[in-house]
Amino acid sequence: MKLPKFGVKAAVMTVATCFGFSAAAMAEFPERPIQIINPWAPGDSADIVMRKAAEYMSEDLGVPVKVINRTGGGGIIGATAIATARPDGYTLGLLTPGPAVTQVVMGNTTYGLDDLKPVGIFWDSPFVLAVRSDEPFSSMKELGDYVNAGNTVTLGSYAQLAVPSLLANIAAEKTGFGYTRIIGLDPVSTLSLGTGDADIVTLPDARALLQDESARGLLTLTNERISTLPDIPTFKEVYGEEASLWTGLFTPRDVPQEVFDVVSKAFQKALEQDEIQEYAKSTGAYAYFLDSEGSSKRIHNEAERFKGMIDKLTN
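As structure tokens, this is what we get:
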């Protein structure tokens with residue numbers, strides 16, 4: 001499937017000429033504070049872990065490294081600020097699949113897939129496809145068999161084209177069925193798993209019900225099993241493909257390689273700290289590091305996959 005091309009064409013000139021960088025200046029990086037733009041409100045697990053990582057990066061690099069929240073537009077406002085920032089390494093950003101992938105393939109952004117360069121994908125937030133314990137299915141196969149026997153099943157999700165919903169629908173398609181309807185979650189029904197016949201929710205929303213067996217998990221949108229709920233299979237196990245609600249650290253596209261390497265090395269070192277790994281385990285998240293090349297490949301693969309499902313849900 002051919003994706004549309006987005007973004008402004010780069011001028012045919014070197015970064016040093018265009019932006020006034022000298023070899024000496026790049027060698028001295030960093031000389032001043034670094035900001036990391038988060039396009040979401042503060043307080044979620046990815047924001048918290050990035051602030052922890054920023055402290056370690058600051059110690060390593062010898063300059064302040066601060067996370068700032070620039071919200072709005074479903075993450076597009078912050079992502080645009082990252083993509084259009086001066087490519088000198090002093091402006092970085094956190095991105096998730098929404099502003100980095102799905103909003104791009106839907107044509108909602110002025111930047112393209114390649115206008116943001118991943119330092120690395122590093123965090124998977126745990127989402128679970130869960131059902132109440134009185135539902136007559138306990139696996140994706142049983143759910144598919146139930147639908148194919150003539151029954152209807154609705155999906156509770158944050159929005160039809162939100163990434164969790166897209167992944168839940170991709171899982172259904174791979175199992176051989178489709179949801180009758182997608183119903184928007186609300187705060188009350190989310191906590192009781194009372195929106196759809198199956199709900200795709202965050203682990204904190206479902207944890208208590210799953211642990212007391214008032215609900216059961218059919219699938220996690222993670223690449224590793226959630227340590228506190230080890231019996232629930234992952235999307236990757238069931239379908240052989242990666243699928244998670246990831247967060248990555250990005251730079252503008254044309255950051256000089258020497259500067260990019262300094263950022264990448266400091267970030268990887270920060271992620272290795274015990275405090276960050278322990279925090280990930282406590283939240284059910286997964287902290288790791290997928291390098292720039294691997295992250296870019298994953299982003300382009302997801303663009304193809306998500307565009308296919310978006311087309312099916314909107315046509």
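Following full-length UniProt numbering, the numbering of the sequence shown begins with 1 at its first residue and continues without gaps. Yeah, the Cβ is synthetic: ideal placement off N, Cα and C, and Gly gets one too.
As computed with DSSP, Asp199 is found in a beta bridge with Ala130, Gly156.
Nearest neighbour of Asp47 by Cα position, chosen from Thr247, Gly89, Asp254, Arg181, turns out to be Thr247.
The beta carbons of Tyr90 and Gln35 sit about 7 Å from each other, so the pair counts as a contact at 8 Å. In the displayed model, Asp274 falls within a helix according to three-state DSSP. Here DSSP, grouped into helix, strand and coil, assigns Ile183 to strand. Put simply, the segment 62-74 does not touch the segment 278-295. Fewer than three CB pairs are less than 8 Å apart. A residue is called buried once 16 or more other Cβ atoms fall within 10 Å of its Cβ, and Arg181, having fewer, is exposed.
Secondary structure of Thr175 (DSSP, three-state): helix. About 23 Å separates the beta carbon of Gly78 from that of Asp291, a gap too long to meet the 8 Å contact definition. In the assembly as shown, Ser192 is an exposed residue. Its beta-carbon has fewer than 16 other beta-carbons within 10 Å. Residue nearest to Val163 within the set Ala53, Val201, Asp254 is Val201 (criterion: CA-CA distance).
DSSP places Phe306 in the helix class (H, G or I) of the three-state scheme. By the neighbour-count criterion, in which 16 or more other beta carbons inside 10 Å mark a residue as buried, Gly144 falls on the buried side. In the three-state reduction of the DSSP assignment, Asp231 falls in the coil class, being assigned neither a helical nor a strand state.
The segment 124-144 makes contact with the segment 166-176; the number of CB pairs closer than 8 Å reaches 3 or more. In this structure, Phe267 is the residue among Met309, Val238, Gln277, Phe267 with its C-alpha nearest to the C-alpha of Asp60. Taking the C-beta atoms as reference points, Leu245 is found nearer than 8 Å to Pro97.
Of all alpha-carbon atoms in Lys312, Ser264, Leu95, the one lying nearest the alpha-carbon of Gly178 is that of Lys312. The beta carbons of Thr154 and Asp197 sit about 5 Å from each other, so the pair counts as a contact at 8 Å. The shortest CA-to-CA distance from Glu275 to any of Glu142, Ala54, Asn38, Ala81 is the one to Ala54. Take the alpha-carbon of Pro230 and the one of Ser214: they are about 17 Å apart. Boundaries cannot be given for Gly240, as no beta strand (DSSP E) includes it and DSSP labels it neither H nor E.
In the DSSP assignment, Arg51 falls within the unbroken alpha helix (DSSP H) covering 45-61. Check the Cα spacing between Ile76 and each of Leu94, Glu31, Ala172: the tightest is with Leu94.
Straight-line spacing of the CA atoms in Pro64 and Pro30 works out to 10 Å.
Around Gly176, the same chain offers Gly144, Asn148 as residues with beta carbons nearer than 8 Å, after the five sequence neighbours per side are excluded. Take the alpha-carbon of Tyr288 and the one of Phe250: they are about 15 Å apart.
Going by DSSP, Ala79 is part of the alpha helix (DSSP H) stretching over 76-83. The residues Ser125, in chain order, have a CB closer than 8 Å to that of Asp44 in the same chain once the five nearest residues on each side in sequence are set aside. Under the three-state reduction of DSSP output, Tyr286 falls in the strand class. Counting the other CB atoms within 10 Å of its CB gives Ser227 a total below 16, which places it among the exposed residues.
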